[in-house]
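Residue numbers (my numbering): 1113 to 1364. For each residue, glycine too, the CB sits at the ideal point set by N, CA and C. Below is one structure; the comments refer to it alone.
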């Protein structure tokens, strides 16, 4: 258990090279003395491109602003291999991971064979980003929640990009669009061989989509299942091929 305004346990900066293997970070806090502000419940990363976490668990951490586990800032590009993010929270964005740069290419993250369970925030219960790419491979998002949009993943800002393969998004919730994925402002999407099922909007409205893109710059979904989400699965839009879709959509 540790507490700090930025990075409850760690701050990685100034072109540092860091590898963390086989560790557990539990119940760390990022907050000021008045419990009002704080980014990166476990770690705050900036100006460091060689950062690797592997076989590491992040459990019950909290940020009073952004990034319940990690806040990724300018010129930071960490990689997480076989890590678990469970029960983490952030008040304002990114229950587990929050990325924000002045320009989309300023920061990125890569997740390989990770698990994000029961993380929560106002937007982006699992991940919030305005950077690119968000590269996800073989990863499970389950039981994450957002009190507004993006139960599992939320992308904002033109130029941000989601690149996801062989992953599962199941049982995530939001009160609005995107109980699984919410993208906006010409963000681009590439989703291949993924399963997006059983995600739900908690609103009484019947118009919300679980997999939702507003003004997508590029939309590519291939060989995926988007089915059994409530109240709706996804928009019937160009760019979806060889996939199984709910709500009467057809796939080329």
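Out of 1296, 1304 and 1206, which has the shortest C-alpha to C-alpha gap to residue 1259?
-> Residue 1206 is the option with its Cα nearest to residue 1259.
Check residue 1218 in the structure and name its three-state DSSP category.
-> helix
For residue 1123, collect the residues of the same chain with a Cβ closer than 6 Å to its Cβ; drop the 5 residues on either side in sequence, then sort them by chain order.
-> 1156
Which residues in the same chain as residue 1288 place their Cβ atom closer than 7 Å to its Cβ, once the five residues preceding and following it in sequence are excluded?
-> 1260, 1261, 1313, 1315 and 1320
Is residue 1175 closer than 9 Å to residue 1153 when the C-beta atoms are compared?
-> yes
What's the C-alpha gap between residue 1222 and residue 1345?
-> 26 Å
Can you tell me whether residue 1151 is buried or exposed, with buried defined as 16 or more other CB within 10 angstroms of its CB?
-> buried
If you run the structure through DSSP and keep just helix, strand and coil, what is residue 1147?
-> coil
Within 10 angstroms of the Cβ of residue 1180, are there 16 or more other Cβ atoms? Answer buried if so, exposed if not.
-> buried
Within the same chain, show all residues whose beta-carbon is closer than 8 Å to that of residue 1147, passing over the 5 residues directly before and after it, in chain order.
-> 1176
Could you tell me which residues DSSP pairs with residue 1354 in its beta bridges?
-> Note: residue 1354 sits in no beta bridge, so no partner.
Which residues in the same chain have their Cβ closer than 6 Å to the Cβ of residue 1360, if we skip the five residues on either side of it in sequence?
-> The pLDDT assigned to residue 1360 is 49, lower than 50, so where the model puts this residue is not dependable, and the model offers no usable value.
Enumerated in chain order, which unbroken segments of the beta strand (DSSP E) with a length of 3 residues or greater are wholly contained in the stretch 1220–1266?
-> 1221–1224, 1227–1229, 1239–1241, 1246–1249 and 1252–1254
Three-state secondary structure (DSSP) of residue 1174 | strand
Pairwise C-alpha distance: residue 1305 and residue 1132 = 30 Å
N-terminal and C-terminal residue of the beta strand (DSSP E) that residue 1181 is part of | Premise fails: residue 1181 is in no beta strand (DSSP E) and is neither H nor E.
Residue 1281, buried or exposed, once every other Cβ within 10 Å from all chains shown has been counted against 16 | Residue 1281 should be labelled buried.
Just how far apart, CA to CA, sit residue 1300 and residue 1330?
-> 4 Å
Alpha-carbon to alpha-carbon, residue 1335 and residue 1149 | 42 Å
Please report how far the alpha carbon of residue 1309 lies from the alpha carbon of residue 1173, in whole angstroms.
-> Their backbone Cα atoms lie some 27 Å apart in a straight line.
Tell me, please, which residues DSSP counts as bridged to residue 1331.
-> 1301
In angstroms with no decimal places, state the Cα-to-Cα distance between residue 1358 and residue 1245.
-> Computed Cα separation, rounded: 28 Å.
Can you have a look at residue 1211 and say buried or exposed, based on whether 16 or more other CB atoms are within 10 angstroms of its CB?
-> The residue is buried, with at least 16 neighbouring Cβ atoms inside 10 Å.
Please go through the same chain and pick out, in chain order, the residues whose beta-carbon is closer than 6 Å to the beta-carbon of residue 1275, but skip the five residues on each side of it.
-> Excluding positions up to five away in sequence, the list reads 1245, 1247 and 1302.
Report the option in 1254, 1201, 1333 and 1356 whose CA atom is closest to the CA atom of residue 1059.
-> In the structure displayed, the chain extends from 1113 to 1364; residue 1059 sits before or after that span and is not available.
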